[in-house]
Structures are given as C-alpha cells and as structure tokens.
Amino acid sequence: MCGIVGYVGKNRSVVDVLIDGLRRLEYRGYDSSGIAVAKEDSFSVVRSIGKLKNLEEVLRDKELKGISGIGHTRWATHGKPSKENAHPHCSNRTAIVHNGIVENYRELKSDLESQGRLFFSETDTEVLAHLIDMELEKGFSLLESVIAVTQSLNGSYALAAIEERTPGNIVVAKNGGSPLVLGLSEREVFLASDVPAILPFTRQMLFMEDGEFAVLNEDGVKLVDVSGEAILREPEDLEWNPMSINKERYETFMQKEIFEQPNAIRETIGTRISDDGKGIDLDEIEISPEWLSDVKKIIIIACGTAYYAGLIGKYFIESLARIPVEVDLASEFRYRDPIISKNDLVILVSQSGETADTIAALREARARGARLLSICNVRDSTVVRGSDDVLFTQAGPEIGVASTKAFTTQLVNLQLIALKLGLISGALQTDEVEIEIKYLKSLPAAVEKVLSLDGAIREIAQRFYQSPSFLFLGRGVMYPIALEGALKLKEISYIHAEGFAAGEMKHGPIALIDEQMPIVAIVNKGRNYDKTVSNVEEVRARGGKIFAVASESDETIALLVDEIVKIPALGEYATAVLSVIPLQLLAYHIARLKGTDVDQPRNLAKSVTVE
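Structure representation (structure tokens):
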C-alpha cells in the first residue's frame, strides 16, 4: 500500500530524485513520509507526518548529500500516522523502508525486546531494522543479512535497506505480491513501487519477482535468489510517455483522467475489432469451441470499482454469450471454500495487478485448476504474471486514487470478451455482433459529447453538494453503474451515498426519501425503462430531489425529475459504459465544491497491497 523509492549514483542529487519519486507515488499513501541518505560511514534520516509537502518543508533547512538513498510514503497499517511511525526505520547501522505486512512481527518483537532491543514505533517494519542490524553485527554483508532475516518472516514485503559500512549499496527484497521495479541507467540505479516514480529518469526496467533479492550500486544490479545464486534477466525497455504522468492543463489528476477516457477507450478497442466489423481479436487469447463447450461457468473476481465492473461483466457475458457467471469479492473468495474445476474460467479484474486480495484469489483459483484470464492496466504486474491469458486495458498510468478511465476500459474489455464468447458459442449471430461493434466504435465520440456537458453538471453539483446523503438507483445493467456512482461520490467527497437496484427501493430504502434527499436515477431507454420510470414516480411522490441520467430521445423523463443529463443511446451495453461518465463528473464537482482532495482521498490508497 505504501510507496518506496530509492537511488544509487553520483549523476544527480539523491534528495531530488527521492522527493520527485515520492511525489509520483503519493497516491499509494500519504499520511507520513521520510527519506534516508547515505554517505561515507553514516546516513541521515528525515521524516515528517502528513503529506509530502511537509517533508519538503523540513528538508529546505537541511543540506543532505550522499551517494545513495531510500524514501517512503506511508499508508498506515500498524500504528497511527505519526512521525515515530513514519519510514525509514533505523537500528544502529541500518535504515529500512518497507511495503507490506509482517504477520508474525509481534512474536519477533517480543523476542527482540527480551534481548534488550528498544523500539520507538508501533510498526512491524522496525522489527526488520533490528533483525538486519543484528545480522550485520555478526559480520555478514547487508545482502546476507537481508536474506537471513526474510527467512523468519510471515507475510508480504517489498523492502529496501542501506547501512553505514557500504553507503554505495542498496539491498532490496520482494515477496508476497508487494511490487518492486528497478530502473537502470548509466552509472546509476533507481528503485520504486511503481513505474511512474522513476520513468522520468529511465525506461530500462527490471521487474522483481517474489523470492528475489538484489544489490544496487552505480555499477548496476546484481539479482539473486535466496541461496545467493545469480539470476539472469534482461531489463525491459518501456514505452510509456513521461508526459502522461503530469497534470498538463488540468487542475487534478482525476479530472485529467476523466477527460482522457475517449482516447483510453479508443486505444483499448484498438485492433481488437476486425476490419470488416464482424469479428473480435483478443490479443492471441485462444478460445476454441471445443474448450468453451466444456466450460461450466465463469467466475469474475475483483475488489472495489473493479468488482462493480465485474458485476456489469456478468450482465454482458450472460446476456451475450449465455454462459453462467458468478462474481466474487476477492477478499471473500478464498474464505468461502469456492467450488471450482478445471472446466471453469476465472476472470480477474484489477487496475494495478498488485491488489493483495486479488492475488490471493488468483493463487486459490490456480491451485484448483481453473484457467485464469486477467484484465489489467499494468504490464508485468503480479496478477498479469500469474495468469494464463491477459487482456490489457490501454488506459495509461492512472494516478488519481478513485478509478475512472481504468473502470471504463475494464468494461470495454468485458464487452469484447462477451462478444467473443457469444460468437464462439453460437449464442450470437454475426449481424448481432456487428450491431454491438458499431456501438462500441461509436463510444469514444459519445464520451466526448458527454464530457462537453461538464459545465452543466457542475451547475447541478452546486445545487446538491451540501446534501448529507445520496441514493443512486438503476435496474439491470444500470444497477452496478449506480453502485459505482455512489462509490465515486463517497470516496472523494466523504458524503454518505448508497446504490440500490431500483426495484428494491420499496423494500427498505424508500424510508429514507424526503425533500432533503437527492436521488440519482439512471433511466436510459432499454428493457427496464418502464419499470425504472415507475420507481422514479415513487421517489417523486415522496418529495425526493431527482437527478436523472437519461437517453437523448427521452422526452417523458424530463417532466418527472428536477435535473437531467441526456446521453446518446448506444444500445444496452455500450450505453452502460457511457452512463458512468456523468456520475464521475457529478462526484468530481461535488468533491471540489466541498474542498476535498480528489486525487488523494483520506484513508485510501491506489494499490491495496495488504489484505
């Protein structure tokens, strides 16, 4: 969950590299931060509570120079946000930063305290600093010490350590899904939890695997296994554009990413549609009619926004391909003793590919013999590497914690999968697929049209932003869209919001409706239109203030609601993707009017790498 960055070299200011990297990783955690800079025979540590700007303010009064350094931005797991709990953590001659959770740290800490070791924080990471220091005192090298210590750990970790005897070295270790990437350049090496942190400095990247260790110095990287044997792996040359991780002309990353959706969707569709508009090419994913005929069910597994994408994917696949689909929260999946066979297809949906619960679910499904297909935005992530097949979203880096363009591109991929399965199974005829492809190809332009309503939606937000609670209603495929709309509002504005299937409103939620309660209703033309209009009438009869997302051709609904945004009609499935755009804009403007930090909402982090 936290962000790690490091640098070894003499070509740049160590502090400048660390702060720049942490700034790009602050979406992973921002309740405290710190750096350690090593020079001959010593290192200096500076830490601060709160956002990174507080650390930068402290550093203005300090002259820190060195040849290596490590930095950390924290999302609290053990111990409240405080300067004492901020990383790096130290013990005599070593300093360490850590992402993950040491599950047996209490036992280790108790043993260390019995040996006279003093602790100054509530974290699990400080235990690691003491353990490494004790190995160094025995005369072992930093690499040998880190390898030895990790053998006593239960849990996950991506860690980086420095020590005063060898200031030109950083030792790193990875296990249990916490991401770690190394960047190589001439006479310098970088490390980070995520590519954007070091992309401005190099595109030569080496992605560490679980159970691997490395020594970093200005001569390069020595990658080894637990026995110290060298691992030979060539770095990859990434093609990301550094400009894609800047805000450009936008006020926030979230705003930028909302407005990047037309191109993200266009890139995700890419060449996956045949030139004649009749077929789907899923990037060399082989699905034969014989294999598909043996598939008993599909299980979609995800967390948070990706879970809502999975619920929408269920509608897509069951309707278009006529294959049964279950949707599971990754955090619940492996604890319910799921029934899986080798004839099941498991689809894992993840923006980062590093979500701990999704990785655990992947491993559970793998152990039970299922075929694994992942939908992901990050190449070389743990979920991607652990899957049989991968369908990448082409969203580019998503920095804002609240997912926007990753969500809509996930939906596009799920519709492409549904169409492909429908064609292979025979549930869809070619002419039916052609219609859906036509709608999909029209989607980027339709999103641009909805984004042009940004000013009008901001005016609507001004009328609603002081409300303490919202209800979001939808039916059929629009029900998960309502869930996602409510999630966006609550996570960035801190307003209580709930999404409901509109037909379930009379079974409880209707008791909440009065003149002070805004209702967001998704009322697009489709198979559930008349039923949803009836539910809107029920809200109207009780005085609720209604904001509707409706089809452009609908003249009826405007007479029943207080505010309306009309969107193009692209059939049931592509319209579901389009319907989320006004909800993103509404949540965004309400949060901005309330003055909250939309890019870094409180208590949240972009990549949830702990259970």
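74 is the number of the first residue of the sequence shown in my numbering; add one for each residue after it. Glycine included, every Cβ here is placed at the ideal spot set by N, Cα and C. No experiment lies behind these values; they were computed from the predicted model shown.
Could you check whether residue j and residue i sit closer than 7 Å to each other, using their CB atoms as the reference points?
i    : j    : result
I122 : S105 : yes
A621 : V612 : no
T477 : I331 : yes
V456 : G495 : no
D587 : G616 : yes
V506 : L489 : no
I663 : Y567 : no
A234 : V219 : yes
V653 : I630 : no
M327 : P308 : no
A246 : P161 : no
V244 : L209 : no
G102 : G142 : no
H171 : L226 : no
G228 : A159 : no
S624 : K598 : yes
Would you kindly work out how many angstroms separate the C-alpha atoms of residue i and residue j, rounded to a whole number?
i    : j    : result
V368 : D417 : 5 Å
R190 : G152 : 19 Å
V299 : E285 : 7 Å
S117 : L137 : 8 Å
P269 : L513 : 30 Å
I271 : V262 : 10 Å
E340 : Q334 : 10 Å
L181 : E437 : 28 Å
K295 : I304 : 8 Å
Q673 : E99  : 8 Å
E521 : S626 : 18 Å
E645 : I533 : 26 Å
N336 : E399 : 31 Å
G386 : E195 : 42 Å
A594 : A382 : 19 Å
A443 : A649 : 29 Å
D310 : L257 : 10 Å
V422 : A111 : 40 Å
E564 : I554 : 15 Å
R179 : Q188 : 14 Å
S607 : I583 : 13 Å
F22  : R439 : Lying outside 74 to 684, the shown extent of the chain, residue 22 is not represented and no answer is given.
L264 : T239 : 18 Å
E186 : F193 : 12 Å
C376 : S454 : 16 Å
Can you give me the Cβ contacts of residue i inside the same chain, cut-off strictly under 6 Å, excluding the 5 residues immediately before and after it?
i    : result
A500 : A394, R395
V90  : Y80
S559 : Inspection of the sequence shows that residue 559 is occupied by Ala rather than by Ser. Excluding positions up to five away in sequence, the list reads F545, A570, E571, G572.
L446 : I420, D462
K618 : P591, D635
N127 : S121
N290 : V81, G241, N242
I358 : D462
S540 : P591
A647 : Y512, L513, L516
Based on Cα-Cα distance, which residue from the options lies nearest to residue i?
i    : options                : result
A642 : E405, E307, E509       : E509
K320 : T477, I568, I472       : I472
K156 : K124, Y178, R179, G142 : K124
L651 : L562, I108, S392, S515 : S515
S183 : E302, E199, I169, E405 : E199
I637 : G343, S540, R536       : R536
I413 : I373, Y380, S225, V422 : I373
D430 : A443, N608, S454, L402 : L402
T482 : K511, P517, R452       : P517
L95  : S266, N248, A149       : S266
E236 : N227, P252, I169       : I169
D292 : G576, R260, R276       : R260
Can you give the beta carbon distance from residue i to residue j, rounded, assuming they're within the 8 Å contact cut?
i    : j    : result
I140 : T167 : Not quite, the Cβ-Cβ distance comes to about 16 Å (not below 8 Å), so this is no contact.
G144 : V78  : 5 Å
A574 : Y552 : 5 Å
V175 : Y230 : 7 Å
Check the Cβ-Cβ distances between residue i and every residue of chain C, and say whether any is below 7 Å.
i    : result
V170 : No chain C appears in this structure, which consists of one protein chain only.
Please work out which residues of its chain come closer than 7 Å, Cβ to Cβ, to residue i, disregarding the five sequence neighbours upstream and downstream, and give them in chain order.
i    : result
S164 : A202, H203, D206
N486 : T341, I448, L464, T466
Q657 : I331, T477, K561
R698 : With the chain represented from 74 up to 684, any question about residue 698 goes unanswered, as that position is not in the structure.
A479 : Q424, N450, T466, A468, E471
I497 : I360, P362, L365
Beta-carbon within less than 8 Å of residue i's beta-carbon, same chain only, minus the 5 sequence neighbours each way: which residues are those?
i    : result
L585 : S542, L544
R345 : I353, D354, L355, D356, L489
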